[in-house]
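Trainee:
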Amino acid sequence: MPESEFSRIIDIRHIEDKPLVLEPTPEEAAALARRFGIVSISLLQATLTLSREGANVVAKGRMKAAFVQSCAISAEDLPQKVDEALLLRFVPDSQQEIKPDEEIELSDADCDDIPYSGERFDLGEAVAQSFALSIDPFAEGPMAAQVRASGLLGAENNSPFAALAALKPKE
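With the UniProt record's numbering as the guide, the letters of the sequence shown map in order to residues 1 to 171.
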């Protein structure tokens, strides 16, 4: 697995009972924007309190973000904001070996677990993935209605060449 652009390694042996504030550097924010296919990230901040439940670690807090993405229809810059609660649970990686064709049962709680091995996990990558999930890939800006009204997105032919043909002057 490639190294995360926003890595913040936490050692479970040194968890303190105080909030952690995670923010990417400008270089890390630019790398995350490229990774997630958005224009830019001006703010990404997660304030989390970590607590241990046996070998499990629960991270609870808030994530705030301000970023610019492209409108799904017009490609115009579209400023966005996120302010949402975060609840992440890190669990020791299962030592049970799973065979490739074996069917396994997952409970709802299993789907939210983030496995880690050894004594450390990457809290920054977990925040980055939570941020990615908050991005609406179909967000539309004010010009989307104009593009639709222009007929450039007709259902019969919505290839890029059809859009160019529609802009060609009529003879």
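Virtual Cβ for every residue (Gly too), placed ideally from N, Cα, C.
#1: Assign Pro24 to buried or exposed, taking buried as 16 or more other Cβ atoms, counted over all protein chains shown, within 10 Å of its Cβ.
#2: Over what stretch of residues does the beta strand (DSSP E) that includes residue 176 continue unbroken?
#3: Among the residues of its own chain, which have a CB less than 7 Å from the CB of residue 199, if the five just before and after it don't count?
#4: Give the straight-line distance between the Cα atoms of Ala66 and Ser117, rounded to the nearest whole angstrom.
#5: My output table needs one value for Phe6: the three-state DSSP class, helix, strand or coil.
#6: How about Leu88 and Ala126: are their beta carbons less than 7 Å apart?
#7: Could you check the C-alpha separation between Pro19 and Asp113 for me, to the nearest Å?
#8: Please go through the same chain and pick out, in chain order, the residues whose beta-carbon is closer than 7 Å to the beta-carbon of Lys69, but skip the five residues on each side of it.
#9: Compute the Euclidean distance between the alpha carbons of Leu44 and Ser130, then round it to the nearest angstrom.
#10: Spatial neighbours of Arg13 within its chain, please: C-beta separation below 8 Å, excluding the five flanking residues on both sides.
#11: For Thr49, decide whether its Cβ has a neighbour in chain C, counting only Cβ atoms nearer than 7 Å.
Mentor: For this structure:
#1: buried
#2: Outside the modelled stretch of the chain, which goes from 1 to 171, sits residue 176, for which no answer is possible.
#3: Since the first residue of the chain shown is 1 and the last is 171, residue 199 is not available in this structure.
#4: 32 Å
#5: coil
#6: yes
#7: 21 Å
#8: The sequence shown places Gln at residue 69, not Lys. Closer than 7 Å at the Cβ level, and outside the excluded window around Gln69, lie Ile38, Val39, Leu78, Gln80, Ile135 and Ala139.
#9: 11 Å
#10: Glu119
#11: In the structure shown, chain C does not exist; there is a single protein chain.
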